[in-house]
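Residue numbers (our numbering), protein chains in the order written: chain A, 2 to 116; chain B, 135 to 251.
Some notes on the structure that comes next.
Listed below in structure tokens is the structure:
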């Protein structure tokens, strides 16, 4: 089974702190994604990566950056956390193999609270 | 504009009853459509996938339908159980774009289903 893990389930940070959210997948998937999920808004794409060292902005990249130095790991960075970044953050990975028809596998999520 | 609209926003049913969730989309060009189930505090998990040529697909008590002409999909849950309480998210995948053999995903906002005993 595909496994996507995220470094923390719950995180509390202060305004202005630098925050790292880590995501690791164990199925050699090429694509990886970071979403945030807020009540009434659904999942919104922050950044995605087609492959190692590649990254593309999603719909709401402001205030975030990412790093993908290794294929299995995709990091989301909040350079200076703000209260409006309090949210549930979900990582996902996806295989390019046609047999999987683009199924995304999600991690358990990180609930980030910025005080 | 590519959009995915789900209805109802929330739904409460009694255990053992059936229900149907709706998904309308305007995504084009269309590749496939997935229904995900998300339990509270957890990541979404795929229930079914529908490609252009498929009209109906079942996964246990879950049956998804797709009408590619009207761009509508539904998820029918039979004999609901308390464990069906979750958010159900419709995701439409567009055909391939640059840099990937797979296309962009478009998410609905989900239907929050609550099953009461």
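Quick reminder that beta carbons are idealized off the backbone N, C-alpha and C, glycines included.
Owing to the predicted nature of the structure, the values given are computational and were not obtained by experimental measurement.
Of all alpha-carbon atoms in 112/A, 33/A and 19/A, the one lying nearest the alpha-carbon of residue 104/A is that of 33/A. Rounded to whole angstroms, the Cβ separation of residue 199/B and residue 190/B is 5 Å, and the two are in contact under 8 Å. For residue 116/A, the secondary structure class from DSSP, reduced to helix, strand or coil, is coil.
In this structure, the CA atom of residue 247/B is about 14 Å from the CA atom of residue 157/B.
When the Cα atoms are used, residue 82/A and residue 208/B turn out to be separated by approximately 39 Å. Where residue 44/A is concerned, the enclosing beta strand (DSSP E) starts and stops at 43-50. Excluding sequence positions up to five before and after residue 18/A, its CB lies within less than 7 Å of the CB of 82, all in the same chain and listed in chain order.
Taking 8 Å as the threshold, the shortest C-beta distance from residue 105/A to chain B falls below it.
Classified as buried, residue 7/A has 16 or more neighbouring CB atoms from the shown chains inside 10 Å of its CB. In chain order, 31 place their CB closer than 6 Å to the CB of residue 52/A, counting only its own chain and leaving out the 5 sequence neighbours on each side. When secondary structure is reduced to three states using DSSP, residue 221/B falls in the strand class. Per DSSP, the beta bridge partners of residue 185/B are 166/B. Secondary structure note for residue 104/A: it is in no beta strand (DSSP E), with a DSSP letter that is neither H nor E.
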